[in-house]
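Number 25 in full-length UniProt numbering belongs to position 25 of the sequence shown; there are no gaps in the numbering.
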Amino acid sequence: MFVSERIIGGRTYNFSRRIVVMAIVNRTPDSFHDKGRTFALAKATEAVERAADEGADWIDIGGVPFAPGPEVSAAEELDRVMPVVEAARGLAVVSVDTFRPEVARAVIEAGAGVVNDTSGLRDPAMADAVVGTDAQLVICHSLAAPRTAYPSPRYGDVTEEVGAFLRDRVALALSRGVRPDQIIIDPGHDLNKNTHHSLELTRRLDEIAAIGYPMLAALSNKDFIGETLDRPQQERLAGTLATAVFAILHGARILRVHDVRAHYDAVRMTEAMLGWREPVYTRHNI
């Protein structure tokens, strides 16, 4: 990695020895997993507080899903996310999932430490929004514009093509003045990919990690896990945890998750087995 230690949202992270648990809080009526359970502001605020209590390092707040759906204006998106950003400040590093530069600029000014762009800099001005700030920029692989369908995606070699895309978009960000120590990459599991694509990408995640920037893996409860195991969305936690640990061992350093407590334990245990973390206490056979 270009820079293994970074200060993000006022907190220091050494990605050579630390895995970040990034909680998902969506203030949307049509979110992928929670189906609008945290759309109401009070519910979103409760979810933020619960995620922090359960050990989330970062909290990723979304106002518009990537998946196909009706248009949501920038003003409405800001109305949705800004009160949640304010609620999360001080509890964890605040991230905002957005593809709009104007939203990115506003939330950074409000204290967000991370901008999570699932469109992969489809609008290059997203890079401009973080230039001159201390905010991190997550560059994610996807093919379709946000909120639009992309049926039956085709790849020759999905891992090579995702890697080439991310290298190109990283170069774009750097050319516009984004610092190397602001960049995070995300291969975009299931975003314009079928289950075979996502499994192949996971199998070869070390090739994506070799690009040289901290890698985020957004695996939680995704359809490639459900289709592999024949499990409905609310029964995918065991498969998600197995995939998360595998991803860590192949270079992932940030996990974007729904079930914070379970991932917190899986991550901290994996860190201990890798020799990165000491046990909280030792009594057995001492």
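Yeah, the Cβ is synthetic: ideal placement off N, Cα and C, and Gly gets one too.
(1) Closer than 8 Å is the cut-off here; do at least three beta carbon pairs connect the segment 26-36 with the segment 66-83?
(2) Does the count of Cβ pairs from the segment 120-128 and the segment 172-192 closer than 8 Å reach three?
(3) N285 to P279, Cα distance in whole Å?
(4) Alpha carbon to alpha carbon, what distance is there between G132 and A244?
(5) Would DSSP call N175 helix, strand or coil?
(6) Report back the beta-carbon spacing between A74 and E102 to the nearest angstrom; my notes put them in contact at under 8 Å.
(7) Could you give the first and the last residue of the continuous alpha helix (DSSP H) run that contains V131?
(8) Looking only at its own chain, which residues have a Cβ that is under 6 Å from the Cβ of R204, when we skip the five neighbours before and after it?
(9) Taking the Cβ atom as the reference point for each residue, do H141 and G120 lie within a distance shorter than 7 Å?
(10) Below 8 Å CB to CB, which residues in the same chain sit around I225 once its five sequence neighbours on both sides are set aside?
(11) In whole angstroms, what is the alpha-carbon distance linking Y281 and R154?
(12) In this structure, how does DSSP classify D60 when only helix, strand and coil are distinguished?
(13) Within a Cβ cutoff of 6 Å, which residues of the same chain sit near S16, ignoring the five residues on either side of it in sequence?
(14) Between which two residues does the beta strand (DSSP E) containing S95 stretch?
(15) When burial is assigned at 16 or more other CB atoms within 10 Å of the CB, is D57 buried or exposed?
(16) Where does Q136 land, buried or exposed, given buried means 16+ other C-beta within 10 angstroms?
(17) Let's test the definition: count the other Cβ atoms within 10 Å of the Cβ of S198 and tell me whether it reaches 16, buried, or not, exposed.
(18) Is the beta carbon of H263 less than 7 Å from the beta carbon of V257?
(19) What first and last residue would you give for the alpha helix (DSSP H) that runs through R203?
(20) Y13: buried (16+ other C-beta within 10 angstroms of its C-beta) or exposed?
(21) Buried or exposed: I7, going by 16 or more other Cβ atoms within 10 Å of its Cβ?
(22) Would you check if the distance between the CB atom of V138 and the CB atom of L191 is smaller than 7 Å?
With the given structure in hand:
(1) Contact between the segment 26-36 and the segment 66-83 is established, with three or more Cβ pairs separated by less than 8 Å.
(2) The answer is yes - the segment 172-192 touches the segment 120-128, with three or more Cβ pairs under 8 Å.
(3) The residue labelled residue 285 in the question sits at position 285 within the sequence shown. The residue labelled residue 279 in the question sits at position 279 within the sequence shown. Their Cα atoms are separated by approximately 14 Å.
(4) Along the sequence shown, read from residue 1 onward, the residue named residue 244 stands at position 244. Along the sequence shown, read from residue 1 onward, the residue named residue 132 stands at position 132. Here the C-alpha atom of A244 lies approximately 33 Å from the C-alpha atom of G132.
(5) Indexing the sequence shown from 1 puts residue 175 at position 175. The sequence given here has Ser at residue 175, not Asn. In the structure shown, S175 sits in a helix (DSSP, three-state: H, G or I).
(6) Translated into the one-based positions of the sequence shown, residue 74 becomes position 74. Translated into the one-based positions of the sequence shown, residue 102 becomes position 102. Yes, they are in contact, since the Cβ atoms of A74 and E102 sit about 5 Å apart, within 8 Å.
(7) Stepping through the sequence shown from its first residue, residue 131 is reached at position 131. Segment: none, V131 is in no alpha helix (DSSP H) and carries neither H nor E.
(8) The sequence position of residue 204 within the sequence shown is 204, counting from 1. Excluding the 5 residues flanking it on each side, R204 has same chain C-beta neighbours closer than 6 Å at T159, in chain order.
(9) Start at 1 with the first residue of the sequence shown, and residue 141 comes out as number 141. Start at 1 with the first residue of the sequence shown, and residue 120 comes out as number 120. Taking 7 Å as the Cβ cut-off, H141 and G120 qualify as a contacting pair.
(10) Numbered from its first residue, the sequence shown carries residue 225 at position 225. L219, R231, R236, G239, T240, T243, listed in sequence order.
(11) Start at 1 with the first residue of the sequence shown, and residue 281 comes out as number 281. Start at 1 with the first residue of the sequence shown, and residue 154 comes out as number 154. Spanning the two alpha carbons is a distance of roughly 50 Å.
(12) For the purposes of this step, residue 60 is taken as residue 60 along the sequence shown, with counting starting at 1. In the structure shown, D60 sits in a strand (DSSP, three-state: E or B).
(13) The sequence position of residue 16 within the sequence shown is 16, counting from 1. These residues qualify, in order along the chain: S4.
(14) Residue numbering aside, residue 95 sits at position 95 when the sequence shown is read from its first letter. Taken as a continuous stretch (DSSP letters only), the beta strand (DSSP E) holding S95 covers 93-97.
(15) Locating residue 57 in the sequence shown gives position 57, counting from the first residue. D57 is buried by the Cβ-count criterion.
(16) Here residue 136 is taken as the residue at index 136 of the sequence shown, counted from 1. Q136 is buried by the Cβ-count criterion.
(17) As a first step, residue 198 is located in the sequence shown; it is residue number 198 there, counting from the start. Its Cβ being crowded by 16 or more others within 10 Å, S198 is buried.
(18) Within the sequence shown, residue 263 is the residue found at index 263, counting from 1. Within the sequence shown, residue 257 is the residue found at index 257, counting from 1. Cβ atoms of H263 and V257: closer than 7 Å.
(19) Here the question's residue 203 lines up with position 203 in the sequence shown. Its alpha helix (DSSP H) spans residues 195-203.
(20) Residue 13 sits at position 13 when you count from the first residue of the sequence shown. Its Cβ being crowded by 16 or more others within 10 Å, Y13 is buried.
(21) Position 7 of the sequence shown, counted from the start, is the residue given in the question as residue 7. Exposed, by the Cβ-count rule.
(22) Working through the sequence shown from its first residue, we reach residue 138 at position 138. Working through the sequence shown from its first residue, we reach residue 191 at position 191. Against a cut-off of 7 Å, the Cβ pair of L191 and V138 comes out as no contact.
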